[in-house]
Amino acid sequence: VMTPESEVRKRGITFIAGEPPNLLNPPSGCRFHPRCPYAKPICKEVEPPIIEVRDDRIVACHLVESFM
């Protein structure tokens, strides 16, 4: 039986601490920058483009190349 917890472990998904942004008034730039421990000044100013990193994975992060 597949549980949400086992699926998270399988995919290697991590959770970001803190509260999700207000969807009616999202932060400028990347919506995750207020909670992201890796956020840089560009993250606060510019919304990141969506990039396909594999056939089954897309990301929107200015720093994606530093994590690959």
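In case it helps, this note's numbering puts the sequence shown at residues -15 to 52.
No residue lacks a Cβ here, since even glycine has one placed at the ideal position from N, Cα and C.
In this text the structure is predicted, and so the values were computed from the model without any measurement.
- C45 has its alpha-carbon roughly 15 Å from the corresponding atom of F(-1).
- Assigned with DSSP and collapsed to three states, E49 falls in helix.
- Looking at the backbone, the Cα of P33 and that of I42 are separated by about 10 Å.
- Under the criterion of beta carbons closer than 8 Å, E29 and S50 do not qualify as touching, at roughly 18 Å.
- Straight through space, the alpha carbons of P5 and C27 are spaced by roughly 14 Å.
- DSSP links I42 through a beta bridge to E36.
- The beta carbon of E31 sits closer than 7 Å to those of G13 and C14, all from its chain and outside the five residues before and after it, given in chain order.
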